[in-house]
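Residue numbers (my numbering): 3 to 286.
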C-alpha cells in the first residue's frame, strides 16, 4: 500500500483559516420554523475573518496512530452555510453550483393529504448553492409542513469504500487513519470513483481534471487542527475527533455514548465513519 502523501500531494492548495466563533454567535438570528433567514446567514458570513497560511502535513505524522471520526447532530444544524463557505475557502474549491466538498440539504416533510392513511406526506429536498448562502424561506404554507430540518453532507469515509475499489490506477485510497484520499499525481480523471460513490460526494475538478472530495482538511488534522467546517460551526453540530487518542471529557466519546447514532444508507454495507444523531428516516 502506498504511504499517505503529504498535504502537498493530496491538496491543490493547503491553506489554514482562522475563524472567530464568538462573533458569529452574536450575529446568527433565530430561525423561523427551523429555517434560518437568508439575510441572517449573509450577515454572519460577513463577520468571518480569514487568515491564509500555507502549511504542509508534518513529515513525522503516523497515520497508523490515529483513527478519525466525524459526527453530526442534525437537531443542532441551522443551515447557515458557514461550513460550506469555510470549506470552499480553506480548500480552494472551484466556484460553481456542483463543486462542493461538503454541503447542506434542507428537508421539508409535508403533512399527509386529508383522507390519507400515511403518517406523513411529500418529502421535499433542496440545497441551493450547496447551502453556502443559507436557505431562503420556503414558499410552502406553514400549515402544510409537518417538520423541517437541515442535514450536513460530505464524504462518508467508508470502511468499505466503493470509490477505492473501482479506481484503475490506485489514485484514491483508504488511509490507515480513516481518511479516504485522492492523490492528484496519480488520478487520470476517468470519473469511475465519482460514479461509484453512492453518496454523491465526489466531483471532477474543472481546473485540475482530477477527482476531488472532502479529505477532512487532511492538511489541518495532521497538524492537530480541526477541519475548517468543524471550526466554524456556530452551534457545534459537527463533532470531530480521534478514537485512538481520546481527550479528557472527549466530545466524540460523549456524543456516541449519549446519542443513538446512525449512518446514511446502512443497507449498502459501506460502513461509514460519519455518524448522525437525530437522523430522520426520510434522509437519503
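Where is the CB? At the ideal position from N, CA and C, for every residue including glycine.
On the DSSP bridge assignment, give the partners of residue i in chain order.
i, result
"residue 183", "175"
"residue 73", "241 and 277"
"residue 257", "Residue 257 pairs with nothing; no bridge assigned."
"residue 104", "156"
Identify which residue in the options has its Cα closest to the Cα of residue i.
i, options, result
"residue 106", "82, 257 and 190", "82"
"residue 285", "186, 208 and 153", "153"
"residue 255", "117, 242, 280 and 265", "242"
"residue 267", "219, 247 and 199", "199"
"residue 240", "228, 251 and 193", "228"
"residue 222", "233, 95 and 76", "233"
"residue 137", "171, 143 and 129", "129"
"residue 182", "143, 272 and 253", "272"
"residue 77", "238, 172 and 148", "238"
"residue 231", "279, 102, 188 and 258", "102"
"residue 208", "92, 99 and 63", "99"
"residue 161", "170, 90 and 175", "175"
"residue 134", "84, 261 and 189", "84"
"residue 88", "275, 188, 67 and 236", "236"
"residue 264", "281, 251 and 257", "281"
"residue 145", "127, 123 and 163", "123"
"residue 169", "226, 192 and 95", "192"
"residue 120", "279, 112 and 186", "112"
"residue 278", "118, 171 and 262", "262"
"residue 79", "252, 108 and 274", "108"
"residue 1", "90, 260, 118 and 224", "Residue 1 lies beyond the stretch modelled for the chain, which goes from 3 to 286, so this question has no answer here."
Consult DSSP for residue i and reduce its assignment to one of helix, strand or coil.
i, result
"residue 66", "helix"
"residue 109", "strand"
"residue 99", "coil"
"residue 285", "coil"
"residue 209", "coil"
"residue 214", "strand"
"residue 264", "strand"
"residue 251", "coil"
"residue 270", "helix"
"residue 57", "With a pLDDT of 41 at residue 57, under the threshold of 50, the modelled position of that residue is not reliable, and no figure is offered here."
"residue 133", "helix"
"residue 80", "coil"
"residue 164", "helix"
"residue 42", "In this predicted model, residue 42 has a pLDDT of only 46, less than 50, meaning its place in the structure is not dependable; the value taken from the coordinates is given anyway. Helix, per DSSP."
"residue 204", "coil"
"residue 5", "Caution applies to residue 5, whose pLDDT of 47 falls short of 50 and renders its modelled position unreliable; the model cannot decide the point."
Along the chain, where does the beta strand (DSSP E) containing residue i start, and where does it finish?
i, result
"residue 148", "147-156"
May I ask which residues mark the beginning and end of the alpha helix (DSSP H) holding residue i?
i, result
"residue 125", "First-last for residue 125: 125-128, but that is the beta strand (DSSP E), not the alpha helix (DSSP H)."
"residue 120", "That residue, residue 120, is in no alpha helix (DSSP H); it is neither H nor E in DSSP."
"residue 220", "220-223"
"residue 195", "194-198"
"residue 159", "Unbroken run through residue 159: none, as it is neither H nor E."
"residue 93", "84-93"
"residue 189", "It is not in any alpha helix (DSSP H) - residue 189 carries neither H nor E in the DSSP assignment."
"residue 234", "230-234"
If residue i and residue j are in contact, beta carbons under 8 Å, what's the gap, nearest whole angstrom?
i, j, result
"residue 184", "residue 212", "7 Å"
"residue 179", "residue 69", "6 Å"
"residue 150", "residue 65", "Wrong, their Cβ atoms sit about 40 Å apart, outside the cutoff."
"residue 219", "residue 195", "Not really, about 20 Å apart at Cβ, beyond 8 Å."
"residue 159", "residue 72", "7 Å"
"residue 104", "residue 216", "5 Å"
"residue 203", "residue 245", "Wrong, their Cβ atoms sit about 21 Å apart, outside the cutoff."
The ligand HEM and residue i: does any heavy atom of the ligand fall closer than 6 Å to the residue's C-beta?
i, result
"residue 98", "The ligand content of the structure shown is nil, which means the ligand HEM is not present either."
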